[in-house]
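Below you'll find the structure, written out as structure tokens, and then a few comments.
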Amino acid sequence: MKINIAIDGPSASGKSTIAKRLAKILDYVHIDTGSMYRATAYKALKNGIHLDDEASVVEMLDHTEFDFTAQGQLIMDGNLVGHEVRNTECDRGSSQVSRLQNVRAKLVSIQQKITLKKGFILDGRDIGTVVLPDAELKIFQVAFLLERAKRRHQEFHEKGNPLSFDEVYEDLRSRDIADSTRTYSPLKKADDAIELDTSFLSIDETVEKITQLYQETVERLNQHD
Ligand code: DC
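The opening position of the sequence shown corresponds to residue -19 in the numbering used here, with each subsequent residue numbered one higher.
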């Protein structure tokens, strides 16, 4: 039996890393929905579109093709979306475009179309609340800001990004506020989501915990069949 899994949580809480590992173990397809907001910001910036200009960003999306590889990797206009959207500009830009209601509507509709079948793990901010309200397993993954900033700073450091720890911390803090206070689909735990604090859990421990929750969910569903 295959189900759909929703993983939501704040920036740098490790959602994508965990979702990727889980997808491998369970033979599921992982879709990182944040990469769609990042790719939107990336293309808008490249085209000189102001990220607060909703009509122009939507118009751009009308002429943008999103696709996914069999493994769930995002393809925009025929090109695999990769490291070019993983930088401070796209961190901030994606948070900005994610506030726009009509941008969200477009991206959510694409996400819902590809998950009509089961067997997907989606990570984002509104998966359990908006994109997949019927997901059989919903995780709300949190971690203290300080821990998330340490992880993100280390990641940046390994990639040669010179941002200081304080800058990374401040950037995450302001994105937390923006993502959870925006009007449309703010970051919010779904009522039926399981909250998982990963502040002091390793990646392996987190994956193990969710795998256990997954097995319990499938067993429970099988009993009801
Ligand atoms: O998960 P991430 O850091 O790659 O996400 C980038 C931005 O996109 C983040 O600031 C919030 C937004 N986002 C969103 O609003 N809804 C989603 N489902 C995924 C991401």
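Glycine included, every Cβ here is placed at the ideal spot set by N, Cα and C.
Exercise. Note down the Cα distance separating V111 from T(-3), rounded to an integer number of angstroms.
Key: The residue labelled residue 111 in the question sits at position 131 within the sequence shown. The residue labelled residue -3 in the question sits at position 17 within the sequence shown. V111 and T(-3) have their C-alpha atoms spaced approximately 20 angstroms apart.
Looking only at its chain, what residues have a beta carbon closer than 8 angstroms to the beta carbon of A173, apart from the 5 residues adjacent to it on each side? Along the sequence shown, one-based indexing puts residue 173 at 193. For A173, same chain residues with a beta-carbon under 8 angstroms away, outside a window of 5 residues either side, are A(-14), D(-12), G108, K118, I119, F120 in chain order.
Check: Just reading off the beta strand (DSSP E) that L201 is part of, what are its end residues?
Finding: On the sequence shown, position 221 is the one that residue 201 refers to. First-last for L201: 183 to 204, but that is the alpha helix (DSSP H), not the beta strand (DSSP E).
Exercise for review: With a threshold of 16 other CB atoms inside 10 Å of the CB of M16, please say whether the residue is buried or exposed.
Suggested key: Sequence index remark: in the sequence shown, residue 16 carries index 36 (1-based). It counts as buried.
Count the other CB atoms within 10 Å of the CB of P272; is the residue buried (16 or more) or exposed (fewer)?
-> Because the chain spans -19 through 205 in this model, residue 272 falls outside it and cannot be assessed.
Evaluate T161 with the Cβ neighbour count: other Cβ atoms within 10 Å of its Cβ, from every protein chain shown; 16 or more gives buried, anything less gives exposed.
-> On the sequence shown, residue 161 is found 181 positions in, with the first residue counted as 1. With fewer than 16 other Cβ atoms within 10 Å, it is exposed.
Proximity winner among F136, S179, F124, L54, relative to R153 (alpha-carbon distances): Within the sequence shown, the letter at position 173 stands for residue 153. Distances from the alpha-carbon of R153 to those of F136, S179, F124, L54 put F124 closest.
Nearest-angstrom Cα separation, counted from V148 out to G28: Here residue 28 corresponds to residue number 48 of the sequence shown, with the count starting at 1. Here residue 148 corresponds to residue number 168 of the sequence shown, with the count starting at 1. About 26 angstroms.
Q) Taking just the CA atoms, how far does H30 sit from L176? A) On the sequence shown, position 196 is the one that residue 176 refers to. On the sequence shown, position 50 is the one that residue 30 refers to. A straight-line Cα-Cα distance of about 36 angstroms links L176 and H30.
So L212 is in the beta strand (DSSP E); what residue range does that whole segment cover? For residue 212 there is no data in the structure shown, the boundaries of the chain being -19 and 205.
Under the three-state reduction of DSSP, which class applies to A173: helix, strand or coil?
Mapped onto the sequence shown, residue 173 falls at position 193. Secondary structure at A173: coil, using DSSP grouped into helix, strand and coil.
In this structure, how does DSSP classify L(-18) when only helix, strand and coil are distinguished? Here residue -18 is taken as the residue at index 2 of the sequence shown, counted from 1. The amino acid at residue -18 is misidentified as Leu; the sequence shows Lys. Note: K(-18) maps to coil in three-state DSSP.
If you drop the 5 nearest sequence neighbours on each side, which residues of the same chain put their C-beta closer than 8 angstroms to that of I5?
Here residue 5 refers to the residue found at position 25 when the sequence shown is read from its first residue. By the criterion of a C-beta distance shorter than 8 angstroms, I5 is surrounded in its chain by V187, T191, once the five residues flanking it on both sides are discounted.
Go through its chain and collect everything with a Cβ distance to Y8's Cβ below 6 angstroms, but skip five positions before and after it. The residue given as residue 8 occupies position 28 in the sequence shown. Taking C-beta separations shorter than 6 angstroms and ignoring five residues to either side along the sequence, the partners of Y8 in its chain run G99, I101, following chain order.
CA nearest to the CA of I11, picked from L41, V37, L54
Here the question's residue 11 lines up with position 31 in the sequence shown. Of the candidates L41, V37, L54, the one whose C-alpha sits nearest the C-alpha of I11 is L54.
Q. Can we count S78 as close to the ligand DC, meaning its CB is less than 8 angstroms from some heavy atom?
A. Looking up residue 78 in the sequence shown gives position 98. Look at S78: its beta carbon is less than 8 angstroms from one of the heavy atoms in the ligand DC.
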